[in-house]
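Protein chains in written order, with my numbering: chain A, 362 to 834; chain B, 362 to 834. To start, the structure itself, in C-alpha cells.
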C-alpha cells in the first residue's frame, strides 16, 4: 500500500515546515513540499506528523487491577498484585488489546510488554498477547517476565538471615522455556519481537542473567530488566553483591547498547557513568515512580552523562493508565524541580526525540525507526491540531507535550499500514473490547490482600518506619 | 427544573452504594434507594455521581500562550507572559469559555479565575469573563489580579539596591476600581462571585493588602493571593519584611478561613502552623509547580497540620492544560516521594474530598457546596464508567483519580441546571469556539521575549547560577 500525506506540518530545525510525505509499502520514501501523489492522498492540513513513540515499559495484564491497589510502595504493592493476578489466557488477550489501544491513542506505535506469565500456561500467555498485538497492528516487543527466586527474596533482610522458599520453576527450565518462546514467537518481520527480560536483580540469580545474555547474543535479541526502582532494592543489592546493582550487572555482562533498564531511580554518579560507558538505555516511568513513592529518577544527570533515556507508562496497576503523552509530559517537567538551572531542563522537542528516537535506539532499531527520515519504516502518528486541547494555535509540539491532549491523535500507521483513522482504531472493534472488559469485571472495592498483612511488619522494620498497619478505606 | 438520577453509584462510608438522587430547583432534596421520580428521570446505571470539583486557581487568558513559553522559572516565564499578554476583550471572552469547557469536561463545576486585566479596559475584561462563565453556566469566582508595584520589584535584589519604576496605577485607584468591580459584578445568586486577589507579596504593598482586607470584610467576600511559589519569592520576602511572607500576611490580617493561597511551596514548619491557626486554605497547583521548577509544595505536612488543601490547574501557560483530573492525580501521587511512610499518602477518596469539599471550604461555601448532601446545591458530575479509560471495573474513584480518564464526564449540573449532557457542553457551541480560537491564532514558534534577555543575567546572579543565556530552540 502506498499513500501520500499532503500539506502536513513536521518539525524543522527551527520551527516547522509544511511538506508532503510519501510512503511506499512499509517505508517513508520521500519528504518534501509539493510531491507527486503516490497511492491514496491523505489530507494533512492543520495536522502535525511525528514519528510514533515507544511505550518502552509496561505490563499489559496489570490493566485488570488498575485503580485498585492502595497507595503503598512497590514491595507491598507487588504482593497485592500477585495475590490477584489474572489467571486466564483470555484476560491476557483483552488487556493486551486495551494496552495497545490506549498506547496508540496517545501517540505510541510500539509497546514493550514485560509480560507476566500465567504459571503452567506460559506459552499460551505469550500467544494471547501476540495475537492481540497482531490483531491491533501495533509493533510489539514482548519480554516474558522471568525470575528464579521467590517473592520474599525481593526484600532486604536487614540484620536477620532469612530463608526463602524455592521458586516453583528452576533456572534451567526457565531458560529452556525462553528458548522455546524465541523459536515460536520472535518474528521481527511480522512486528513481533521477543526480548530477554529477567525481572530484576531482586528476584533473579546470576545464572539466570547469564543464560539470558547468551541467548540474547545467540539470537541477536534485546535485553530488558527492572533496575533499582526502590530504595529497598538498592539496600538489597548491597546485601546481595556487596557492590551496586549496576556494577554487578556490568560485571556479569548484562549491560549493552541493546539493553533497556526500567526505572533506574536509585543510581549513584558512578553507576551513571557505567550506563554511559555500556551505552545502556534508561526507560523512565515517572508516573509509577510517583504512585509507588519510589522517587525521582535522575534523568537530567543521565542526559548530561550522555545516557540514552526514553519513556514508559509502566503497568496500569501502578500508573494507572496507558497514556503515553501523560508519561512524557510528567517525565519531562518533573525534573525541573531537581535542578535550579533551567538551562538543563528538558524541552518539548527533546522529549519528542527521547520518546521516539530514544526508544528505537534502546531497542537496537534506530536505523529503521524513531524519526521522520526517508528510508525508515512508516511508524507514524498524525495529530489533529484543531482539537480544542491543542488550541489556540501556538507551538504544536509544546501543546502536545506540555498540555493535556484529548482526542488529538487522528491517524496512526505502523509499518506503513493504517490502524487508526479519524481518531478510531480500525483494526479491532473497541466497543466489543469495552463490553468484554465490563463483563469480566465488577466494581470491587472491598478486596484486601492476604500477603500485605504478612509482610508489612518486616517491611516497616527494615525500612526504619514506625510500627503500624495499613488501613484500607 | 426538577430531576431524579436513578440507580447511580455514589461513594459510601466503605465502598459504594446504588441510590436515586432527587434534585428540585437548585438543590439536592433526597438521596436514597428507590425514590419516587420527580421531574425528568436520568439513567444513572453504570455511572458514578460525585460533587463537582473546584478549579481553585487559574488565569483564563493564559490559554492564548499555552504550549509556547520555554521551560524557565516563574521570574523569567512571567516576563515572557506579559510581553505577549492578550490585549483584546474578545480574546478574554474566548479563553474564559475555553477554560470553562476544559474544567467542566474534567470534573469541575466551579472555577476560580485570577484574572489578568487589560490595562485601561479593566471593567471590560471582567465583563467579558463574566459573560463567558454565565453563558457556559459554570460557577465562577473571579479575582481580578491586582498589584501596585512594577514587575521588576518581584525579584530579589541580592546585595544591590535597585530602583523600580512606579506601577502605572496607584494603590488608591486600584482599590477604587475593585469597589466598582464588586458593585457591578458580585452576584453570588447568579453564580458570579468576586474575590479580592492581590497577586502576591512580590508585587503588592501593605496598603493594597490592607485595603483588600477591609473590602473583603465590608462585602463579605473571599480573599485570594499567590503565596511563596518560588525560592526567589522566599528570598524576596526576607529582604522586604525581615520575616517570612506568611508571618507578615498574618501580621497585617490577610489570612483567614476565607483566604485561599495559591502554591505555598516554600513554607517553613512555623509558617505551616500559622496557616493552620488562621484556617487558611492552600490551593495546590502541582503541574505548574513542576513546569516552572518551583518545587514540591509540602502537602502531606499541610494535611498533618490540619491545613485545608484543594487543587487548581493554574493558568494554561504554565501547565499547559485545564484538566482538573490531571491536576488532582499528580497533586496526589507527587507527594508519595516526599515521605517514606506510605501511611501518610493521599488516597483517591481523600483527593476527591480535597477537590470538592476542600475547595468549597476555602471559598466559604462549604455549607452549600462540596459534597453529596441533602440540602446542598446541585453542582454534580456524572461519570460514565463504561469509558474504556475506566475499564475493567475495579474501584471507580481509584480509576478516576489514579488513571487518565478520557471522555469520562457524561453529565454536569451547576446549581441544578444541566450544562453537559452525553459528554458535550450543551450551553455553548464548542465547534464555534474552536473555530474562533483557530482563526485568532497562528502556529508561531519563533517569537522571543524582549524582556527575558534584559533580566536573565540578574536572575542568574541572584539565584547563584553560572553566567549563560537561554537558547531558544
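Where is the CB? At the ideal position from N, CA and C, for every residue including glycine. These numbers were taken from a predicted model, which means no experiment stands behind them.
Counting other Cβ atoms within 10 Å of its Cβ, residue 830 of chain B stays below 16 and is therefore classed as exposed.
No Cβ-Cβ contact shorter than 9 Å links residue 639 of chain A with residue 671 of chain A. Counting of Cβ neighbours within 10 angstroms places residue 526 of chain A among the exposed residues, the total staying below 16. With a cutoff of 9 Å on beta-carbon distance, residue 644 of chain B and residue 623 of chain B are scored as near each other. Note: residue 772 of chain A is bridge-paired with A:743 in the DSSP secondary-structure output.
Interface annotation for the stretch 805-825 of chain B against chain A: 805, 806, 807, 824, criterion Cβ-Cβ distance under 7 Å. A straight line joining the alpha-carbon of residue 492 of chain B with that of residue 709 of chain B spans about 35 Å. For residue 780 of chain A, not one C-beta of chain B is nearer than 9 Å to its own C-beta. Between residue 429 of chain A and chain B, the shortest Cβ-Cβ separation is below 9 Å. For residue 758 of chain A, the nearest CB of chain B lies under 9 Å from its own CB, placing it at the interface with that chain. At a cut-off of 9 Å between beta carbons, residue 680 of chain B contacts chain A. One alpha carbon belongs to residue 393 of chain A, the other to residue 778 of chain A, and they sit about 21 Å apart. Taking a contact as a CB-CB distance under 8 Å, the pair residue 471 of chain B and residue 502 of chain B counts as one, their CB atoms being some 7 Å apart.
Between the C-alpha atoms of residue 755 of chain B and residue 396 of chain A there is a straight-line separation of about 51 Å. Approximately 6 Å separates the beta-carbon atoms of residue 776 of chain A and residue 552 of chain A; this is inside 8 Å, confirming the contact. Here residue 535 of chain A has 507, 509, 569 as same chain residues with Cβ atoms under 7 Å from its own Cβ, once five neighbours each way along the sequence are excluded. Along the stretch 772-830 of chain A, the alpha helix (DSSP H) occurs as fully enclosed runs of 4 or more residues at 791-800, 812-823, listed in sequence order. Going by beta carbons, residue 724 of chain A and residue 417 of chain A fall inside the 9 Å limit. Selection B:596, B:600, B:561, B:707 evaluated against residue 588 of chain B yields B:561 as nearest (Cα-Cα). Looking at the backbone, the Cα of residue 737 of chain B and that of residue 389 of chain B are separated by about 6 Å. In the structure shown, residue 539 of chain B adopts helical secondary structure according to DSSP, grouped into three states. For the C-beta of residue 672 of chain B, not a single chain A residue is nearer than 7 Å; the gap to the nearest is close to 14 Å. For residue 473 of chain B, no chain A residue has a C-beta closer than 8 Å to its own C-beta; the minimum C-beta separation is roughly 19 Å. A residue is called buried when at least 16 other Cβ atoms come within 10 angstroms of its Cβ; residue 793 of chain A does not meet this threshold and is exposed. In this structure, residue 499 of chain B sits away from residue 519 of chain B, with a CB-CB distance that is not shorter than 9 Å.
Apart from sequence neighbours up to five positions away, the residues of its chain that approach residue 722 of chain A with a beta-carbon distance below 6 Å are 669, ordered along the chain. Taking the C-beta atoms as reference points, residue 741 of chain A is found nearer than 9 Å to residue 411 of chain A. Counting other Cβ atoms within 10 Å of its Cβ, residue 584 of chain B reaches 16 or more and is therefore classed as buried.
Bridge partners of residue 624 of chain A according to DSSP: A:588.
Around residue 752 of chain A, the beta-carbon contacts reaching into chain B at under 8 Å are 459, 795, 798, 799, 802.
Shown here, residue 374 of chain B sits in coil according to DSSP, grouped into three states, outside any helix or strand.
Only 763, 764, 765, 767, 791 from the stretch 762-792 of chain B bring a Cβ to less than 7 Å from some Cβ of chain A.
Under a 10 Å Cβ-count criterion, residue 419 of chain A is classified as buried, with 16 or more other Cβ atoms of the shown protein chains found around its own Cβ. DSSP places residue 647 of chain B in the uninterrupted alpha helix (DSSP H) bounded by 647-652. Below the 9 Å Cβ cutoff, chain B contributes 750, 764, 765, 767 as neighbours of residue 684 of chain A, in chain order. Annotation: residue 675 of chain B to residue 806 of chain A spans about 33 Å, alpha carbon to alpha carbon.
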